[in-house]
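Asks: Top to bottom, those sequences are chains A and B.
All residue numbers for the first sequence refer to the numbering used here, where the first residue is 2 and numbers rise by one.
All residue numbers for the second sequence refer to the numbering used here, where the first residue is 2 and numbers rise by one.
2 protein chains.
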Amino acid sequence: MTEDVARRRESVPGRRGLRADAERNRERVIEAARAVFAQQGLDASTNEIARRAGVGIATLFRRFPTRDDLIATVFAEKMRDYSEAIDEALADLDPWNGFCVFIERVCQMQADDRGFADVLTMTFAAAKAFEEERDRAANSLTHLLQRAKAAGRLRADFVHQDVPLILMANAGVVTATRDAAPEAWRRLVGYLIQSFAAEVAQPLPDPPTPRQMYRALLRLSDTAE
Amino acid sequence: MTEDVARRRESVPGRRGLRADAERNRERVIEAARAVFAQQGLDASTNEIARRAGVGIATLFRRFPTRDDLIATVFAEKMRDYSEAIDEALADLDPWNGFCVFIERVCQMQADDRGFADVLTMTFAAAKAFEEERDRAANSLTHLLQRAKAAGRLRADFVHQDVPLILMANAGVVTATRDAAPEAWRRLVGYLIQSFAAEVAQPLPDPPTPRQMYRALLRLSDTAE
Chain A
2 MTEDVARRRE SVPGRRGLRA DAERNRERVI EAARAVFAQQ GLDASTNEIA
52 RRAGVGIATL FRRFPTRDDL IATVFAEKMR DYSEAIDEAL ADLDPWNGFC
102 VFIERVCQMQ ADDRGFADVL TMTFAAAKAF EEERDRAANS LTHLLQRAKA
152 AGRLRADFVH QDVPLILMAN AGVVTATRDA APEAWRRLVG YLIQSFAAEV
202 AQPLPDPPTP RQMYRALLRL SDTAE
Chain B
2 MTEDVARRRE SVPGRRGLRA DAERNRERVI EAARAVFAQQ GLDASTNEIA
52 RRAGVGIATL FRRFPTRDDL IATVFAEKMR DYSEAIDEAL ADLDPWNGFC
102 VFIERVCQMQ ADDRGFADVL TMTFAAAKAF EEERDRAANS LTHLLQRAKA
152 AGRLRADFVH QDVPLILMAN AGVVTATRDA APEAWRRLVG YLIQSFAAEV
202 AQPLPDPPTP RQMYRALLRL SDTAE
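Here it is in structure tokens:
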């Protein structure tokens with residue numbers, strides 16, 4: 002658990018004394034909020050979240066006095082998962098292996114949880130609460146890429162924006178094959194990772210600019226199914 | 002224009018004498034049908050198609066006496082585009098270049114027309130009208146892959162099912178970046194094509210079986226947005 006999360010949990014009144022059913026309600030609200038935010042964006046109605054969670058609106062407000070509390074809680078977990086994936090990749094003594102495992106892991110997260118990428122991208126929209134964590138993750142990712150390039154294994158023209166590009170492609174396969182061929186995304190990621198190796202690098206079309214990708218991600222979070 | 006299309010056009014009563022506005026109505030019905038089929042599948046209501054096209058139901062039935070006429074017209078065009086892309090690839094004297102241009106072209110078709118892959122996959126559901134054309138396209142694709150493998154350029158483990166896998170991944174990028182970074186898909190396809198080269202081939206996760214992919218495609222056509 003990061004310090005931020007620990008601090009936030011402390012700040013929720015009565016958190017320590019919650020009985021089991023209150024804890025269950027809290028988890029249901031978080032789960033419903035995640036689904037509703039992913040479907041409708043951050044402007045989704047709090048009533049809708051309470052309805053989906055099967056709790057009264059008063060219960061919801063008791064656990065999350067403001068919408069920001071709820072957003073922060075929902076996004077903290079995803080953001081933490083993502084940051085942890087980068088940190089673990091950086092802990093790998095083999096920079097290329099660390100990079101490959103990172104790509105596989107975030108794509109696995111997406112396959113396990115359709116909302117993962119949506120919610121991840123929504124951290125842009127919910128920027129204020131996550132500025133620090135997001136900047137830390139971005140810096141770590143830069144370090145991860147630099148390290149794998151310095152080792153001569155990751156192609157030099159791989160850029161930051163390629164990571165959301167991979168997630169968008171993976172989302173297409175995950176969505177289409179979830180029921181009939183749930184492991185199909187592994188094949189796509191297998192191909193992609195092989196194409197990222199420095200030794201095979203041929204010229205590529207330019208990536209989207211960081212600004213274009215940022216706009217695409219913002220738009221995604223506006224229109225997430 | 003293929004013979005089939007010419008024959009079908011001849012068989013529509015009064016087709017030759019259609020005035021410009023009747024022709025416009027016909028085009029609007031086809032366009033509306035394409036969109037509605039893509040959203041709701043082949044069982045979509047004919048009334049809905051007429052409404053979307055802004056024409057009366059009588060006008061629709063005058064142009065397309067049966068639902069099958071409409072389905073055949075809508076799908077013929079896409080199927081023809083797809084078949085032509087394979088034929089042109091086969092006409093390329095360089096088997097690897099032909100293959101690469103084919104992949105880029107179908108991904109371009111998808112970028113130009115969101116419904117392309119949906120409608121293409123729907124030819125499975127509308128199988129009767131297209132069995133022959135579809136089998137011909139499948140055989141041509143087999144030939145295209147074999148030829149590129151025989152030339153030692155396409156990796157030996159590339160299979161038929163990888164083509165819809167590419168289209169699914171491309172769809173994810175196209176959908177997410179259409180407005181903000183409409184050329185982003187080219188970067189994905191650039192990476193993928195480099196990973197298909199025989200000289201870089203490393204072991205890969207297994208592809209979905211043909212049956213799994215078929216089921217995934219059928220499901221897509223059931224649930225296309």
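We put the CB at the ideal spot given by N, CA and C, even for glycine.
With DSSP collapsed to three states, give me the class of Trp97 of chain B.
Replies: Here Trp97 of chain B sits in helix by DSSP.
Asks: Is the distance from the Cβ of Ala1 of chain A to the Cβ of Leu61 of chain A below 7 Å?
Replies: Examination of residue 1 of chain A is not possible in this model, given that chain A is present from 2 through 226 alone.
Asks: What residues in its chain sit with their C-beta under 7 Å from that of Phe197 of chain A, if we drop five residues either side in the sequence?
Replies: Leu155, Arg156 and Phe159
Asks: So who's on the other strand from Leu155 of chain A, going by DSSP bridges?
Replies: A:Ala198
Asks: Between the C-alpha atoms of Val30 of chain B and Ala182 of chain B, what's the straight-line distance to the nearest angstrom?
Replies: 31 Å
Asks: So, is Pro208 of chain A buried or exposed, given that buried needs 16 or more other C-beta atoms within 10 angstroms?
Replies: Residue environment: Pro208 of chain A is assigned as buried (16 or more neighbouring CB atoms within 10 Å of its CB, all protein chains considered).
Asks: Rank A:Phe38, A:Val56 and A:Arg148 by C-alpha distance to the C-alpha of Ile87 of chain A and give the top, closest one.
Replies: A:Arg148
Asks: Which complete alpha helix (DSSP H) runs does the stretch 43-109 of chain B hold, if anything under 4 residues is left out?
Replies: 47-54, 58-64 and 68-92
Asks: Would you verify that the beta carbon of Gly195 of chain B is, or is not, closer than 7 Å to some beta carbon of chain A?
Replies: A small correction: the amino acid at residue 195 of chain B is Gln; Gly does not occupy that position in the sequence shown. Gln195 of chain B counts as touching chain A.
Asks: Which one of A:Arg68, A:Val75 and A:Glu28 has the shortest CA to CA distance from Ser46 of chain A?
Replies: A:Arg68
Asks: When the distance is taken between beta carbons, is Ala138 of chain B closer than 7 Å to Gln84 of chain B?
Replies: The sequence as given places Ser at residue 84 of chain B; Gln does not occur at that position. It is a contact, given that the beta carbons lie within the stated cut-off.
Asks: Give the residues of chain A in contact with Val164 of chain B, contact being defined as C-beta atoms less than 7 Å apart.
Replies: By Cβ distance, chain A contributes nothing, its closest Cβ being about 12 Å from Val164 of chain B, past 7 Å.
Asks: Any chance the stretch 173-188 of chain B sits against the stretch 169-184 of chain A, with 3 or more Cβ pairs inside 8 Å?
Replies: These segments touch.
Asks: Beta-carbon separation of Gly57 of chain A and Pro206 of chain B under 7 Å?
Replies: Taking 7 Å as the Cβ cut-off, Gly57 of chain A and Pro206 of chain B do not qualify as a contacting pair.
Asks: With C-beta atoms as the reference, is Gln203 of chain B less than 7 Å away from Gln195 of chain A?
Replies: yes
Asks: Quick check: what's the CA-CA separation for Phe100 of chain A versus Thr210 of chain A?
Replies: Their backbone Cα atoms lie some 22 Å apart in a straight line.
Asks: At 9 Å on the CB atoms, spell out the chain B contacts of Gly191 of chain A, in chain order.
Replies: Ser196, Gln203, Pro204, Leu205 and Pro206
Asks: Of all the options B:Ala152, B:Glu133, B:Asp95 and B:Glu24, which has the alpha carbon lying nearest to the alpha carbon of Arg81 of chain B?
Replies: B:Glu133
Asks: If you check the beta carbons only, do Leu94 of chain B and Leu145 of chain B fall under 7 Å apart?
Replies: Between Leu94 of chain B and Leu145 of chain B, the C-beta gap is not smaller than 7 Å, which leaves the two residues out of contact.
Asks: Any beta carbon from chain A within less than 7 Å of Ala217 of chain B's own beta carbon?
Replies: yes
Asks: Looking at the structure shown, is Pro211 of chain B part of a helix, part of a strand, or coil, going by DSSP?
Replies: helix
Asks: What is the C-beta distance between Met214 of chain B and Pro165 of chain B, in whole angstroms, given that I count them as a contact (C-beta under 8 Å)?
Replies: With a contact defined as Cβ atoms closer than 8 Å, Met214 of chain B and Pro165 of chain B qualify at about 6 Å.
Asks: Closest Cβ-Cβ distance between Gln111 of chain B and chain C: below 7 Å?
Replies: Of the chains in the structure shown, none is chain C; the protein chains are A and B.
Asks: To the nearest angstrom, how far is it from the Cα of Arg135 of chain B to the Cα of Gly55 of chain B?
Replies: 32 Å
Asks: Work out the CA separation of Ala112 of chain A and Arg27 of chain B for me, nearest whole Å.
Replies: 42 Å
Asks: Output, in chain order, the set of chain A residues within a Cβ distance shorter than 8 Å of Val174 of chain B.
Replies: Leu166, Met169, Ala170 and Gly173
Asks: If you reduce the DSSP assignment to three classes, tell me which class Asp113 of chain B lands in.
Replies: helix
Asks: Would you decide whether Pro66 of chain B is buried or exposed? Buried here means 16 or more other CB atoms lie within 10 Å of its CB.
Replies: With fewer than 16 other beta carbons inside 10 angstroms of its own, Pro66 of chain B counts as exposed.
Asks: Evaluate Arg188 of chain A with the Cβ neighbour count: other Cβ atoms within 10 Å of its Cβ, from every protein chain shown; 16 or more gives buried, anything less gives exposed.
Replies: buried
Asks: Starting from the C-beta of Trp97 of chain B, find all residues in its chain whose C-beta is less than 7 Å away, skip the five residues before and the five after it, and write them out in chain order.
Replies: Ala149, Ala152, Arg154 and Leu155
Asks: Using the Cα positions of Ala217 of chain A and Leu168 of chain A, report the straight-line distance between them to the nearest angstrom.
Replies: 12 Å
Asks: Strictly under 7 Å for the Cβ-Cβ distance: is Pro96 of chain A near chain B by that measure?
Replies: no
Asks: Would Thr178 of chain B pass as an interface residue toward chain A - the criterion being a Cβ-Cβ separation below 7 Å?
Replies: Yes, its Cβ sits closer than 7 Å to a Cβ of chain A.
Asks: What first and last residue would you give for the alpha helix (DSSP H) that runs through Pro1 of chain A?
Replies: With chain A running from 2 to 226 in the structure shown, residue 1 of chain A is simply not present.
Asks: Could you work out which residue in B:Asp114, B:Glu78, B:Arg212 and B:Phe131 is closest to Gln162 of chain B when comparing CA atoms only?
Replies: Comparing Cα-Cα distances from Gln162 of chain B to each of B:Asp114, B:Glu78, B:Arg212 and B:Phe131, the minimum goes to B:Arg212.
Asks: At the level of alpha carbons, what is the spacing between Ile34 of chain A and Ile104 of chain A?
Replies: Note on identity: in this sequence residue 34 of chain A is Ala, with Ile being the wrong assignment. Each residue's Cα considered, the two are about 27 Å apart.
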